[in-house]
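Colleague:
Residue numbers (the working numbering): 1 to 836.
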């Protein structure tokens, strides 16, 4: 534990103790200044501000706080302001008068002057400044008296400000507006500080959503603020979660994540949840939101502050010390008595009515409040639609979600993606038209040169019936191939790069980075692209795959046994439900790996490989095996790599912490590479034909968090070319037997993941569906297709957009036509067969 952590913990606990002490000392203020004793609810509200400092102190002692040294003091300052403001709410005086009396209450009773003199330590300049301020106040008072004596009337603006604006500014509506503003700040500032750079209208929409939600809860709770308090706290908690998602995964909370909460919790083991100063700033903003709401609820009756009778009106402190002087009303208490007397008369008249007469009015009041709550809830719902319309109007690209969220705020971006969840029907789509396009592409493939080679491999496949293994290795990527890391000495996984007898290998373009494993799995198993599904969606959590074609169903129809392996909780990404729908007969999860060795964040790759070898050896029929590994899962600051296996490469332009993360990740890849070597040596000696497809599902979050920017600091970090670098991994397709028509010379070919399974089926001669033939034919004109964009044969990338389905917008290039045609085919094969 560092000295700074101890200091922050001391500051936090001292703040909490001070809150309690202030509440206790308020009793002395009540005795010396004539204030009535405060209600229990006020004390509870004031004491609640001690919760955040206590929690912060505990986390500091645990070493979790890694932020600015100024943030804990700012949080403490906000706590003191909010506690004083809460204690002040029932006394009927101005806030500054309350603070003055509270500070003065510490002087010995009987000797305390009306206003404490400046201490000796105060400079002469400060003393003179006070004298000048008092002189200005006296001059202002005399001027007002002279104007009154001369019969001069105040201006209309002054009258309006005092009689209309000032009372209106104290209404619950204004307090809700202020509270919603600070709740918005607490949500956004937790994960990014540059609020001023956000789109102005997006900020207004975010604020309106929170305001309507608070107003709905305010009326639902019968004009009390407890429900609005829940909304404010929820905003802050959401901001904290967003902070960790951004820091740990380099992503944001997206609409599809709502359906993946269980998976997120399951894979969070091993992550270290350090937090920075922005979280504390969010806590300070939350305190201010609660202070505004504290002026609403619980409402304080006049009797609670002793203002119902003339005798109970608080005397002026200075006059109380001079018996011969008449009480003088404080400036903050003018015109209080008439209002209080009128209210008391009204209360007395109401109380004189029988209960039976008051009951209908209460029922009507409750009904009206509930109706207003529904109206406000409708306003909140309408604001979400406005957010979606606004981002659509601007043409916001959500394939860079962190950038989009930073530009438009959390709520506007989240709901924009939420309303974009359903798969859009391609423009001009009909089932007949889509089938015609698919058949046309299939016929083009059948008449191509590639089809002739495929026939040779197909004849062999029908006789050999090899076992097909597909290994999706968690976060496996050779970063040295995409980033200029030569100066570090890192050259990537040694064995993986040395494989020279693969049927094909090369760069793999994927649609995710730092997470979203199931989306890569979805693209390979179904041959569909996330480009046509949309950003922020996880198909495994959204759709039913019972009517969707997949590799497992294809091989099952050929008499294969179909087995999926994932050494973790079976409900991750809903796999326990999706795998049977995809056609898998058996699913081996974490319960099938009891006692298996663990490396980093999961069961070792070698353990899953050994399980597959046992299945192959014991099976009397060919198998289709899917292995989703786990050991390299994100969280590269765990410090759990043995010292003799930990690398020590030195990156430039990164912190020591980030450099340590890089080395932990590289050490994981090295371990995976060693396990792959053992596995392939076993396969080479196996007396059964086997085809192995191996690839990484995505790059680690460190790539998008800092590595890309650190290696290429002069590039525009928001540009498509810069971002695409992080959406690449590697693959290879290998067989332990000679495949007819294909030379095992590790043909280098870059390909996108949605085409990979079709390419594998073509190479080994497995039966091809029309959809797979359409993929292979489309790849000739549009070789790369991911969620971020598509590329033509000249490797020129364009961003994906719904506008691409319109020829008038996207043009008539071969790649654009191929994009539109494949959109039709995929909706036929996937979009039309699933239900959201």
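Where a beta carbon is used, it is the ideal one built from N, C-alpha and C, also for glycine.
Return the chain-ordered ranges of every beta strand (DSSP E) run that is complete within the segment 208–284 and spans a minimum of 3 residues.
Modeller: none
Colleague: Please list the terminal residues of the continuous beta strand (DSSP E) segment that includes residue 562.
Modeller: 561–565
Colleague: Quick check: what's the CA-CA separation for residue 548 versus residue 814?
Modeller: 28 Å
Colleague: Should residue 675 be labelled buried (16 or more other beta-carbon atoms within 10 Å of its own) or exposed?
Modeller: buried
Colleague: Suppose the cutoff is 8 Å on Cβ atoms and the five residues either side in sequence are ignored; what does the same chain contact list for residue 631 look like?
Modeller: 474, 598, 599, 600, 601, 602, 603, 604, 605, 668, 671 and 672
Colleague: Buried or exposed: residue 367, going by 16 or more other Cβ atoms within 10 Å of its Cβ?
Modeller: Looking at its Cβ environment, which holds fewer than 16 other Cβ atoms inside 10 Å, residue 367 is exposed.
Colleague: Please give me, in chain order, every unbroken run of the alpha helix (DSSP H) with length at least 4 that falls completely inside the segment 644–713.
Modeller: 656–685 and 708–711
Colleague: Report the three-state DSSP secondary structure of residue 731 (helix, strand or coil).
Modeller: strand
Colleague: Mapping the DSSP letters down to three states, classify residue 546 as helix, strand or coil.
Modeller: coil
Colleague: What would DSSP say about residue 723, mapped onto helix, strand or coil?
Modeller: helix
Colleague: Do you know how far the Cα of residue 276 is from the Cα of residue 66?
Modeller: 5 Å
Colleague: Can you give me the C-alpha to C-alpha distance between residue 152 and residue 174, rounded to a whole angstrom?
Modeller: Straight-line Cα distance between these residues: approximately 33 Å.
Colleague: So is residue 385 buried or exposed if we call it buried at 16+ other beta carbons inside 10 Å?
Modeller: That one is exposed.
Colleague: I'd like the span of the beta strand (DSSP E) that includes residue 907, first residue to last.
Modeller: The chain is shown from 1 up to 836; residue 907 falls before or after that span and cannot be answered.
Colleague: Which residues does DSSP list as the beta-bridge partners of residue 799?
Modeller: 789
Colleague: From the DSSP output, in three-state form, read off residue 745 for me.
Modeller: coil
Colleague: So is residue 793 buried or exposed if we call it buried at 16+ other beta carbons inside 10 Å?
Modeller: By the neighbour-count rule (16 or more Cβ atoms within 10 Å), residue 793 is not buried but exposed.
Colleague: Who are residue 507's beta bridge partners in DSSP?
Modeller: 730, per the DSSP bridge assignment.
Colleague: Can you tell me which of the three DSSP states residue 568 falls into?
Modeller: coil
Colleague: From the DSSP output, read off the bridge partner residues of residue 296.
Modeller: Residue 296 pairs with nothing; no bridge assigned.
Colleague: Report the CB separation of residue 389 from residue 398 in whole angstroms; it is logged as a contact under 8 Å.
Modeller: Their Cβ separation, rounded to whole angstroms, is 15 Å, which puts residue 389 and residue 398 out of contact at 8 Å.
Colleague: Given this structure, state the Cα-to-Cα distance separating residue 711 from residue 223, to the nearest angstrom.
Modeller: 56 Å
Colleague: Which residues in the same chain have their Cβ closer than 6 Å to the Cβ of residue 777, if we skip the five residues on either side of it in sequence?
Modeller: 441, 444 and 445
Colleague: Enumerate in chain order the residues of its own chain whose CB-to-CB distance from residue 194 is below 8 Å, with the five nearest sequence positions on each side excluded.
Modeller: 406
Colleague: Starting from residue 784, follow its DSSP beta bridges and name the residues at the other end.
Modeller: For residue 784, DSSP records a beta bridge to 791.
Colleague: By alpha-carbon positions, which one of 459, 562 and 383 ends up nearest to residue 580?
Modeller: 562
Colleague: How long is the line joining the alpha carbons of residue 834 and residue 635, rounded to whole angstroms?
Modeller: If you take the alpha carbons of residue 834 and residue 635, they lie about 34 Å apart.
Colleague: Pick helix, strand or coil for residue 379, following the three-state DSSP scheme.
Modeller: In the structure shown, residue 379 sits in a helix (DSSP, three-state: H, G or I).
Colleague: Comparing C-alpha positions only, which one of 725, 402 and 747 sits nearest to residue 191?
Modeller: 402
Colleague: Taking one C-beta from the segment 612–625 and one from the segment 453–473 each time, how about it: are there three or more such pairs within less than 8 Å?
Modeller: yes
Colleague: Comparing alpha-carbon positions, which option in 567, 434, 699 and 80 lies nearest residue 47?
Modeller: Ranked by Cα distance from residue 47, the options 567, 434, 699 and 80 are led by 80.
Colleague: Between residue 140 and residue 170, what straight-line distance do the alpha-carbon atoms span, to the nearest angstrom?
Modeller: 26 Å
Colleague: So, at 8 Å on beta carbons, what are the nonlocal neighbours of residue 720 in its own chain, with the 5 sequence-adjacent residues on each side left out?
Modeller: 788, 789, 797 and 799
Colleague: If the criterion is Cβ atoms closer than 8 Å, does the pair residue 786 and residue 752 meet it?
Modeller: With respect to the 8 Å criterion, residue 786 and residue 752 are classified as neighbours on the basis of their beta carbons.
Colleague: Tell me whether residue 85 sits in a helix, a strand or coil according to DSSP, three-state version.
Modeller: helix
Colleague: Going by C-alpha distance, which of 278, 823 and 136 is nearest residue 189?
Modeller: 278
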